Structure formats: structure tokens, C-alpha cells
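*Asks:* Below is a structure I'd like to ask you about.
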Amino acid sequence: MYDKSAYYSDELMEFLNRSVVNFYAVDTVRHRLELEGFVRLDPRDAWTLEKGGRYYMTKNDSAIFAFVVGESDASEGYRIISAHSDSPGFRVKPNAEMVCDGGVVKLNTEVYGGPILYTWFDRPLSLAGRVILRSNDPLNPTTRLVKFDRPLLTIPHLAIHFNRAVNDGNPLSRQKDMLPVIGKVKSAKDAKGLVTRLVADEIGVDPELILDYDLSLFDTTPASLEGMEGEFISSGRLDDLSMVHAAMTALLESDNMSATRVMAIFDNEETGSGTKQGAASPVLCNLLHRINASIGGSEEDYLRAIASSFMVSADNAHAIHPNYPEKQDPTNHPVVGGGPVIKINANCKYMTDADSAAVFRTICERAEVPYQYFVNHSDVAGGSTLGNILTSQIDLRGVDMGAGIWAMHSVRETASIDDHVYIIRAFTEFYNC
Ligand code: ZN
Numbered sequence: 024m025y026d027k028s029a030y031y032s033d034e035l036m037e038f039l040n041r042s043v044v045n046f047y048a049v050d051t052v053r054h055r056l057e058l059e060g061f062v063r064l065d066p067r068d069a070w071t072l073e074k075g076g077r078y079y080m081t082k083n084d085s086a087i088f089a090f091v092v093g094e095s096d097a098s099e100g101y102r103i104i105s106a107h108s109d110s111p112g113f114r115v116k117p118n119a120e121m122v123c124d125g126g127v128v129k130l131n132t133e134v135y136g137g138p139i140l141y142t143w144f145d146r147p148l149s150l151a152g153r154v155i156l157r158s159n160d161p162l163n164p165t166t167r168l169v170k171f172d173r174p175l176l177t178i179p180h181l182a183i184h185f186n187r188a189v190n191d192g193n194p195l196s197r198q199k200d201m202l203p204v205i206g207k208v209k210s211a212k213d214a215k216g217l218v219t220r221l222v223a224d225e226i227g228v229d230p231e232l233i234l235d236y237d238l239s240l241f242d243t244t245p246a247s248l249e250g251m252e253g254e255f256i257s258s259g260r261l262d263d264l265s266m267v268h269a270a271m272t273a274l275l276e277s278d279n280m281s282a283t284r285v286m287a288i289f290d291n292e293e294t295g296s297g298t299k300q301g302a303a304s305p306v307l308c309n310l311l312h313r314i315n316a317s318i319g320g321s322e323e324d325y326l327r328a329i330a331s332s333f334m335v336s337a338d339n340a341h342a343i344h345p346n347y348p349e350k351q352d353p354t355n356h357p358v359v360g361g362g363p364v365i366k367i368n369a370n371c372k373y374m375t376d377a378d379s380a381a382v383f384r385t386i387c388e389r390a391e392v393p394y395q396y397f398v399n400h401s402d403v404a405g406g407s408t409l410g411n412i413l414t415s416q417i418d419l420r421g422v423d424m425g426a427g428i429w430a431m432h433s434v435r436e437t438a439s440i441d442d443h444v445y446i447i448r449a450f451t452e453f454y455n456c
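Numbers 24 to 456, taken from this note's numbering, label the letters of the sequence shown in order.
So this is what it looks like as C-alpha cells:
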């Protein structure tokens with residue numbers, strides 16, 4: 024392992040433990056950026072940016088865009104790394120409380136994205152998200168974040184004695200099987216508004232002030248190192264918060280003052296990116312326009328800058344699984360710990376082509392890190408990610424890549440610490456190009 028691996032692995036684990044849902048991932052990034060002197064921009068204000076200045080902007084509290092304004096002219100373009108803040112899981116529905124026999128209360132939830140459902144059973148779960156409070160301005164209510172730092176819920180599995188065939192495959196209903204239990208009440212009327220009262224109590228406000236909330240479940244089990252030498256990391260939300268952490272670290276450790284360095288963390292990748300804070304929205308395109316305009320650039324300068332830009336779309340990949348080698352392509356199967364994975368798809372689900380793969384390969388070579396290629400087994404459909412969605416908004420060159428992980432979309436995924444260090448080095452090299 025490289026020298027800094029202990030430092031980076033501790034930082035990554037702390038980052039994952041704080042970033043329990045999309046809103047907290049953005050808040051954790053925001054907090055770190057502010058410590059490093061990044062200035063918050065409000066999109067409603069007029070911006071006057073300075074060359075060399077460090078800035079950031081959030082969108083919907085669940086996406087964040089940070090950048091350091093380059094000092095040279097438009098021909099240097101933008102160096103962009105994108106990743107996503109969201110992970111598959113469960114969202115609490117409105118009027119969620121359901122009272123069962125004995126006063127046991129369960130919560131009605133809705134599945135977000137594509138989690139591996141049965142990994143969520145019998146875990147110490149809790150709730151986090153944002154709360155919207157009444158203010159004097161109806162168009163601008165107040166937003167607060169809320170996170171219960173204690174196990175609050177569990178989804179109990181049915182005992183094997185009621186389903187002896189459970190280990191032979193057990194189809195699950197999202198509406199029946201997956202509802203979490205939150206506790207017991209004395210009478211049914213005590214359950215009404217229970218979640219609102221809990222939230223109000225936690226953030227110290229009158230329940231009457233709460234207009235609405237976005238609450239998601241998370242596993243309270245912290246990230247841990249595993250393996251004989253601690254070579255693996257096991258944690259929730261590695262997809263895609265390990266890439267968010269790597270991008271943020273590289274932004275802070277790089278020192279290229281010539282080109283504008285941009286980190287774009289979108290929300291809602293797991294549901295197809297089609298929201299105002301997702302990669303299919305104009306949010307990044309608008310931001311790049313504004314950066315250009317506020318340092319006095321013309322539309323021509325903007326288009327020149329875009330033409331000189333490059334984007335690394337960073338989203339985790341599948342490493343070959345020791346129990347299922349047959350799932351992978353016969354000649355391109357990345358391994359855990361083998362370095363960043365360049366993702367390729369003939370039908371263009373990824374933005375990678377020979378040109379952009381060559382660019383990323385060269386960056387890895389300059390950073391002295393290994394690299395590998397991922398192509399789907401031709402009988403397997405595979406996933407998609409941010410890169411191609413962004414190119415429908417911005418005319419960009421770029422590559423899709425990620426770390427090779429196991430158990431993608433499980434409540435706990437496994438990755439390699441070596442890969443994380445390699446990727447931070449490659450990203451830092453990219454920003455410095
Ligand atoms: Zn992802």
C-alpha cells in the first residue's frame with residue numbers, strides 16, 4: 024500500500040459514517056470545503072468571481088458543485104470530475120405510521136433506486152434527511168437537516184420456521200416484507216404524527232412548524248476495514264460516496280491554477296438523474312456558463328472552454344466476484360485492488376471511447392497507478408451512469424470510470440483501500456494536467 028493509505032482510509036471511513044444519506048453527503052462535503060476556504064455562492068445573487076478563487080454552490084441541499092477558477096484564458100477549459108450523492112434504500116412515505124397487534128408501530132416506506140432488498144433485514148437502522156419548516160415567506164420555507172444518531176428501526180425477517188424454503192430463493196414484496204418497525208405505543212391514536220413529533224423533538228422545534236420532510240433509512244453500522252491486512256473497506260454507500268470523497272480530496276490536493284477545476288456531485292443517479300439536481304438537468308451547464316460570464320468571458324469564450332474541457336465521470340464498477348467469475352467478460356474483468364476501472368460499452372451506455380480511454384490511461388501512467396478495463400459480459404445488460412446523460416447537456420469529452428467493488432447496491436458494499444488511494448492519485452493528476 025502507498026504511504027498515505029492509512030490517512031486516506033481513516034478519512035474515507037469518517038466521510039462515509041457522516042454521509043448517511045444524500046443530504047448529509049452534501050453537508051459533509053460543504054463543511055470540508057468551507058474549512059478549506061471555499062466560499063458559498065447563492066444562485067439568486069449576482070456573482071463576481073475572482074481568478075484563483077474557490078467557490079461552491081448547492082442545489083436542493085442534495086447536490087453540490089465546487090470549483091477553483093483558473094487563471095488562464097478559455098483555451099485551458101474545465102477539468103471536471105462528476106459523481107453522485109445518492110444511494111439505493113428506502114424513503115419514508117407521508118402518513119407512515121401503521122399500528123399492528125400489541126401497539127407495535129411500523130412505517131410505510133417506498134423503495135428508492137435498486138437496493139438488494141434482503142441485505143436490509145435485521146439491521147440497526149435509523150432515519151436521516153431534511154425537514155422543511157414554516158417561515159414568514161411561503162415561497163421560501165426554512166430547511167433543517169435531521170439525523171438520529173441511534174438505532175431507531177429494524178426490518179425483522181420472518182422466522183425460518185414459517186418458511187422452510189427461505190434459503191431456496193425468497194421473493195420479497197416491497198410493500199409487505201420490507202416495512203421497518205419503530206417501536207410500541209399504548210394506544211393507536213398515539214401513533215398518529217409519531218414521526219413528525221420525533222423529528223420535532225430531535226431538532227428542538229414545535230411539531231406545528233414542520234411542513235414536510237424527506238426522510239430516508241440508513242444502516243447505523245459504521246464503516247470498517249476487513250481482510251488480513253485491512254485491505255478491504257466494508258460500508259454502506261461506497262457507490263458512490265467513495266468517488267465523491269476521492270474527487271473532493273483531489274480537488275483540495277491539486278494545485279493547477281491554470282485551468283478551472285470543477286467537482287460536480289449530482290443527486291438522483293440511482294433513479295435515472297431526471298431531477299433538477301440530477302445530471303440530466305441544466306444545473307452544471309448553467310454553472311459553467313456563469314463561471315465564464317462572471318470572469319468577463321464571452322459566449323465564444325465559453326464554447327472554446329467547453330471544447331478544451333475533459334470530464335471524468337466517476338461511478339463505481341463491478342470487480343470480478345470470487346464466487347461468480349462467470350458473470351464477467353472473459354478478457355476484461357477488473358479485480359479488487361487492481362486500480363481504477365475504465366468502463367466501456369459498445370452501445371454507448373458509457374461515454375468512454377478510445378480517445379477518452381487513452382486520455383485516462385495516460386493520466387494513470389503519469390500518476391504511477393495501475394488501471395483496468397470493464398466491459399460487460401455480452402449476455403449481461405449492465406448499468407448506466409452519469410457521463411452520457413451529461414453529454415446531452417454539455418458538448419464534452421470524457422471517460423466513465425470507477426473503483427471495482429463487490430455487492431453493489433447491498434446495504435454494505437466492499438471495496439479496496441489500495442484502489443481508493445490509486446484513484447485519489449489519478450484524480451489529482453487529472454486536475455493538475
Ligand atoms: Zn453509482
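Even for Gly, the Cβ is constructed at its ideal location relative to N, Cα and C. Just so you know, these numbers come straight off a predicted model, no measurement behind them.
Runs of 3 residues minimum, wholly inside the segment 302 to 376: which ones carry the beta strand (DSSP E) assignment?
*Replies:* Here the runs fully enclosed are 333 to 337, 364 to 367.
*Asks:* For residue 89, which of 68, 340, 150, 76 has the nearest alpha-carbon?
*Replies:* Measuring from the Cα of residue 89, the nearest candidate turns out to be 76.
*Asks:* Starting from the Cα of residue 103, find the closest Cα among 429, 426, 414, 438 and give me that residue.
*Replies:* Measuring from the Cα of residue 103, the nearest candidate turns out to be 414.
*Asks:* Below 8 angstroms, can you find three or more Cβ-Cβ pairs linking the segment 45 to 58 to the segment 99 to 118?
*Replies:* Yes: at least three Cβ pairs fall under 8 angstroms.
*Asks:* Along the alpha helix (DSSP H) that carries residue 452, what are the first and last residues, could you check?
*Replies:* Residue 452 -> alpha helix (DSSP H) spans 440 to 455.
*Asks:* Would you say the beta carbon of residue 451 comes nearer than 7 angstroms to a heavy atom of ligand 1?
*Replies:* It does not: the Cβ of residue 451 is nowhere closer than 7 angstroms to a heavy atom of ligand 1.
*Asks:* Answer with buried or exposed for residue 65, where buried requires no fewer than 16 other C-beta atoms within 10 angstroms of its C-beta.
*Replies:* Result: exposed.
*Asks:* Considering only DSSP beta bridges, list what residue 86 is partnered with.
*Replies:* For residue 86, which the question treats as bridged, DSSP gives the partners 82.
*Asks:* Determine whether the beta carbon atoms of residue 428 and residue 339 lie at a separation below 8 angstroms.
*Replies:* Closer than 8 angstroms, so yes.
*Asks:* Taking just the CA atoms, how far does residue 234 sit from residue 83?
*Replies:* Using only the alpha carbons, I get a separation of about 16 angstroms.
*Asks:* Among 320, 216, 242, 239, which one has its Cα closest to the Cα of residue 231?
*Replies:* Ranking the options by Cα distance to residue 231, first place goes to 216.
*Asks:* Residues in its own chain within less than 6 angstroms of residue 176 by CB, not counting five upstream and five downstream?
*Replies:* Excluding residues within five positions, the ones whose Cβ falls inside 6 angstroms are 148, 203, 205.
*Asks:* Could you tell me which whole beta strand (DSSP E) segments of length 3 or greater appear in the segment 89 to 119?
*Replies:* Within the segment 89 to 119, the complete beta strand (DSSP E) runs of at least 3 residues are 101 to 107.
*Asks:* Counting Cβ pairs, one atom from each stretch, are 3 or more of them under 8 angstroms apart for the segment 404 to 420 and the segment 322 to 341?
*Replies:* Short answer: they touch.
*Asks:* How far does the beta strand (DSSP E) with residue 135 in it extend, from its first residue to its last?
*Replies:* Looking at the DSSP string, the run of the beta strand (DSSP E) that includes residue 135 is 127 to 135.
*Asks:* Using only CA atoms, which one of 449, 305, 169, 160 lies nearest to residue 236?
*Replies:* Minimum Cα distance to residue 236 is reached at 169.
*Asks:* Just the Cα atoms here: how many angstroms apart are residue 446 and residue 188?
*Replies:* Cα-Cα distance, rounded: 43 angstroms.
*Asks:* Can you pull every residue whose C-beta falls closer than 5 angstroms to some heavy atom of ligand 1, listed in chain order?
*Replies:* Checking every Cβ against the heavy atoms of ligand 1 under 5 angstroms gives 262, 263, 338.
*Asks:* Between the segment 265 to 275 and the segment 27 to 40, can you find at least three pairs of beta-carbon atoms closer than 8 angstroms?
*Replies:* The segment 27 to 40 vs the segment 265 to 275: in contact.
*Asks:* State the Cα-Cα distance for the pair residue 143 and residue 434, rounded to the nearest angstrom.
*Replies:* Distance between the alpha carbons of residue 143 and residue 434 is about 6 angstroms.
*Asks:* What separation, rounded to the nearest whole angstrom, lies between the Cα atoms of residue 343 and residue 456?
*Replies:* Rounded to the nearest angstrom, the two C-alpha atoms are 31 angstroms apart.
*Asks:* Relative to the C-alpha of residue 70, which candidate in 310, 249, 390 has its C-alpha closest?
*Replies:* Among 310, 249, 390, the Cα nearest to that of residue 70 is on 310.
*Asks:* Kindly list the residues whose CB is nearer than 6 angstroms to the CB of residue 286, restricted to its own chain and excluding five residues on each side of it in sequence; keep chain order.
*Replies:* The residues are 89, 104, 270, 274.
*Asks:* If you measure between the beta carbons of residue 350 and residue 403, is that distance less than 8 angstroms?
*Replies:* Result yes, Cβ atoms of residue 350 and residue 403 sit closer than 8 angstroms.
*Asks:* With DSSP as the reference, label residue 294 as helix, strand or coil.
*Replies:* In this structure, residue 294 counts as helix in the three-state DSSP scheme.
*Asks:* Going by DSSP, name the residue or residues bridged to residue 77.
*Replies:* DSSP lists 91 as partners of residue 77.
*Asks:* Which ranges does the beta strand (DSSP E) cover as unbroken runs of at least 3 residues, wholly within the segment 258 to 289, from first to last along the chain?
*Replies:* Whole beta strand (DSSP E) segments, 3+ residues: 283 to 289.
*Asks:* So what's residue 163 in DSSP terms, helix, strand or just coil?
*Replies:* The answer is coil: DSSP assigns residue 163 none of H, G, I, E or B.
*Asks:* Tell me, please, whether the segment 245 to 260 touches the segment 123 to 140 by the rule of three or more beta-carbon pairs shorter than 8 angstroms.
*Replies:* Contact fails: fewer than three Cβ-Cβ distances are below 8 angstroms.
*Asks:* Pick out whichever of 363, 272, 444, 451 has its Cα sitting closest to the Cα of residue 59.
*Replies:* Of 363, 272, 444, 451, the residue nearest in Cα terms is 272.
*Asks:* Write down every uninterrupted run of the alpha helix (DSSP H) in the segment 181 to 240 whose length is 4 residues or greater and which is fully enclosed by it, in chain order.
*Replies:* Fully enclosed alpha helix (DSSP H) runs of 4 or longer: 217 to 226.
*Asks:* Once the 5 residues before and after residue 398 are set aside, which same chain residues still bring their CB inside 6 angstroms of it?
*Replies:* Within the same chain, residue 398 has close Cβ partners 352, 355, 367.
*Asks:* How about residue 244 and residue 173: do their beta carbons lie closer than 8 angstroms?
*Replies:* Cβ distance not < 8 angstroms, so residue 244 and residue 173 don't count as in contact.
*Asks:* State the beta-bridge partners of residue 151 as determined by DSSP.
*Replies:* Residue 151 pairs with 170, 239.
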